[in-house]
Amino acid sequence: MARTKKVTITLPAELLESMKTHTDNVSGYLTELAERAERRRLLREELDRYQGEFGAFTDEEMAEARALLHGTEEIGRAA
Numbered sequence: 064m065a066r067t068k069k070v071t072i073t074l075p076a077e078l079l080e081s082m083k084t085h086t087d088n089v090s091g092y093l094t095e096l097a098e099r100a101e102r103r104r105l106l107r108e109e110l111d112r113y114q115g116e117f118g119a120f121t122d123e124e125m126a127e128a129r130a131l132l133h134g135t136e137e138i139g140r141a142a
């Protein structure tokens, strides 16, 4: 199991109550959200680095990426 550290955070009461309606583990819920945000941040940094080195993605590349991510038939068609 991953090493953990206890912290104290402050949340709006309404937000906390809303989270409690669909989880009994608020700590785990917030951990999952933070992990997702961190993965998105790291991916954004990598995509920025790649485009800095090789140039911006073309419309065709973006359409292909959307098709791969969303299972649509956009390959070969500009978005």
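Heads up, the sequence shown is in my numbering, so the first residue is 64 and it goes up one at a time.
Note that the Cβ used here is the ideal one computed from N, Cα and C, for glycine as well.
Can the beta-carbon of Y92 be found less than 7 Å from the beta-carbon of T86? On the sequence shown, residue 92 is found 29 positions in, with the first residue counted as 1. On the sequence shown, residue 86 is found 23 positions in, with the first residue counted as 1. Yes; because the gap between Cβ atoms is below 7 Å, this pair is in contact.
Below 6 Å, is the gap between the Cβ of E109 and the nearest heavy atom of the ligand MG? Of the ligands one can find in the structure shown there are none, so the ligand MG has no counterpart to examine.
Between which two residues does the alpha helix (DSSP H) harbouring A128 extend? Taking the first residue of the sequence shown as position 1, residue 128 is located at position 65. Looking at the DSSP string, the run of the alpha helix (DSSP H) that includes A128 is D122 to H133.
Taking only three categories from DSSP, how would you classify L74? Position 11 of the sequence shown, counting from 1, holds the residue named residue 74. In the three-state DSSP reduction, L74 falls in the coil class, being neither helix nor strand.
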